[in-house]
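Under my numbering, the residues of the sequence shown are numbered 642 to 993, in order. Don't be surprised by glycine CBs; every beta carbon is placed ideally from N, CA and C. On a predicted model such as this, the values are computed, not experimentally measured, just so you know.
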Amino acid sequence: MNALWNPALAQMQPYAVPDSTGLVKLDAMENPFPLPAEIARKFADRVAKLPTNRYPDPSAALLKAAIARQFPVASGLGCVLGNGSDELISMLMQIVLKPGATVLAAEPCFVMYRHLADVFGLQFVGIPLQDDFQLDMPAMVRAIEERQPALIFIASPNNPTGNRFLEPDIEALARLAPGLFVLDEAYIPYAGGDGHALAEKYPQVVLLRTLSKWGLAGLRLGFIQASGRVCEQLEKVRMPYNINVASQELGTLCLENAAAFGDQVQTLITGRESLTKGLAAEGVTVYPSAANFLLARVPDAVRAHRALLDRRVLVKRLHGAHPLLENCLRISIGSPAENKVLLENWRSAVHD
Ligand SMILES: *Cc1c(COP(=O)(O)O)cnc(C)c1O
């Protein structure tokens, strides 16, 4: 049957998620705190009345209204919902899909850009970041001019490096884009500021956002804010019932009670600063982060990753993923108690 398969799949592996049972889980940029109790109570009251026998509202009107209140943008921009922003990345690729179409990103970056480009048979061009993880502007400009990408993905803050890119660089690339310029703002709750002004200025700018890193990774809710013409195409490829009734209900409730999440985010930002100091004091390189994770370079990342696992702490090993990530680990910011466990085990796992 080998002749049957999409040839791209031969080179690919499924996205691997390690078992984390019983571990301090610091590998996936999840918010470590549970659903705020008041929201959980309200949801419990509503859950029995959810019309689970019916298909969900295909327009998810109430959820979209809550998003519009929480993330206001100019009236010319539309909103399209996805089952996580992963699904929206896939939909963006579907609307530009044709022979020879190219996707451009600055690497290392979020792995799904390349993974999905491969699945769809799009050409993927990855331009290395500079050593300080900022954009290599001459190389990016040259690649845009030569390759005329249908899609450019820039995540700011970037995953897995944690830094924001310079705003004038982002705007210069957005202005040059011959196709769509996707500004992935997954980590914006931890960074402040956002790209809505850029999207209002340039019709090719697509804001890609998610509630996952904010605290709702399990709900799978992402959204795009972009010009009406982009949204119109996205609606053609969107599965009509992609946001289930429970996600619509709980997502709306959480956005209406956003302050509770604001407190959690604030605690994580404080944790980020103290963990940065704590790890730096151990003598490893910790890169400045505007997200809810840290990138650290250690003497031997393969050994350190394994030794932390032996101590029941799960972090992400990035060594081997890209030359710029040699001996790097990515560590999500946990609760204060989890951060303490990490620090207590760090010296023996990483240095001894
Ligand atoms: C985590 C992440 C996403 C995916 O988020 P989901 O909405 O959970 O699919 C998108 N972009 C970046 C840069 C991420 O780190």
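Through-space distance from residue j to residue i, alpha-carbon basis
{"i": "residue 774", "j": "residue 836", "result": "20 Å"}
{"i": "residue 923", "j": "residue 911", "result": "19 Å"}
{"i": "residue 856", "j": "residue 644", "result": "43 Å"}
{"i": "residue 869", "j": "residue 693", "result": "31 Å"}
{"i": "residue 907", "j": "residue 828", "result": "13 Å"}
{"i": "residue 714", "j": "residue 738", "result": "28 Å"}
{"i": "residue 691", "j": "residue 977", "result": "36 Å"}
{"i": "residue 701", "j": "residue 672", "result": "25 Å"}
{"i": "residue 914", "j": "residue 901", "result": "21 Å"}
{"i": "residue 711", "j": "residue 787", "result": "39 Å"}
{"i": "residue 979", "j": "residue 990", "result": "16 Å"}
{"i": "residue 986", "j": "residue 809", "result": "41 Å"}
{"i": "residue 745", "j": "residue 684", "result": "41 Å"}
{"i": "residue 939", "j": "residue 763", "result": "35 Å"}
{"i": "residue 664", "j": "residue 862", "result": "26 Å"}
{"i": "residue 819", "j": "residue 660", "result": "42 Å"}
{"i": "residue 741", "j": "residue 771", "result": "28 Å"}
{"i": "residue 826", "j": "residue 674", "result": "21 Å"}
{"i": "residue 760", "j": "residue 967", "result": "27 Å"}
{"i": "residue 981", "j": "residue 920", "result": "11 Å"}
{"i": "residue 958", "j": "residue 864", "result": "29 Å"}
{"i": "residue 937", "j": "residue 695", "result": "48 Å"}
{"i": "residue 717", "j": "residue 943", "result": "49 Å"}
{"i": "residue 842", "j": "residue 962", "result": "35 Å"}
{"i": "residue 894", "j": "residue 767", "result": "39 Å"}
{"i": "residue 833", "j": "residue 803", "result": "13 Å"}
{"i": "residue 670", "j": "residue 867", "result": "26 Å"}
Where residue i sits in the DSSP three-state scheme
{"i": "residue 917", "result": "helix"}
{"i": "residue 674", "result": "coil"}
{"i": "residue 686", "result": "helix"}
{"i": "residue 589", "result": "Past the boundaries of the shown model lies residue 589; the chain is included only from 642 to 993, so the question cannot be answered."}
{"i": "residue 906", "result": "helix"}
{"i": "residue 739", "result": "coil"}
{"i": "residue 962", "result": "coil"}
{"i": "residue 747", "result": "strand"}
{"i": "residue 887", "result": "helix"}
{"i": "residue 652", "result": "helix"}
{"i": "residue 589", "result": "Any answer about residue 589 is impossible in this case: the structure gives the chain only from 642 up to 993."}
{"i": "residue 829", "result": "helix"}
{"i": "residue 806", "result": "coil"}
{"i": "residue 970", "result": "strand"}
{"i": "residue 731", "result": "helix"}
{"i": "residue 927", "result": "strand"}
{"i": "residue 792", "result": "strand"}
{"i": "residue 766", "result": "strand"}
{"i": "residue 912", "result": "helix"}
{"i": "residue 947", "result": "helix"}
{"i": "residue 867", "result": "strand"}
{"i": "residue 937", "result": "strand"}
Proximal residues to residue i (C-beta, below 6 Å), its chain only, five neighbours per side dropped
{"i": "residue 881", "result": "699"}
{"i": "residue 751", "result": "796 and 800"}
Buried or exposed (CB count within 10 angstroms, at least 16 for buried), residue i
{"i": "residue 877", "result": "exposed"}
{"i": "residue 853", "result": "buried"}
{"i": "residue 678", "result": "exposed"}
{"i": "residue 662", "result": "exposed"}
{"i": "residue 801", "result": "buried"}
{"i": "residue 686", "result": "exposed"}
{"i": "residue 918", "result": "exposed"}
{"i": "residue 705", "result": "buried"}
{"i": "residue 652", "result": "exposed"}
{"i": "residue 726", "result": "buried"}
{"i": "residue 658", "result": "exposed"}
{"i": "residue 650", "result": "exposed"}
{"i": "residue 926", "result": "exposed"}
{"i": "residue 953", "result": "exposed"}
{"i": "residue 656", "result": "exposed"}
Chain-order list of residues whose beta-carbon lies under 8 Å from that of residue i (same chain, five-residue window excluded)
{"i": "residue 688", "result": "887 and 890"}
{"i": "residue 754", "result": "730, 744, 746, 765 and 794"}
{"i": "residue 883", "result": "722, 723, 724 and 728"}
Proximal residues to residue i (C-beta, below 7 Å), its chain only, five neighbours per side dropped
{"i": "residue 782", "result": "817"}
{"i": "residue 769", "result": "748, 777 and 965"}
{"i": "residue 956", "result": "667, 668, 946, 949, 970, 971 and 972"}
{"i": "residue 897", "result": "707"}
Any C-beta of chain B under 9 Å from that of residue i
{"i": "residue 696", "result": "This model lacks chain B altogether; it includes just one protein chain."}
Notebook entry, point to check: So which residues touch the region around ligand 1, with touch meaning a C-beta under 5 Å from any heavy atom?
Noted result: 725, 726, 727, 751, 796, 800, 825, 827, 851, 853 and 863
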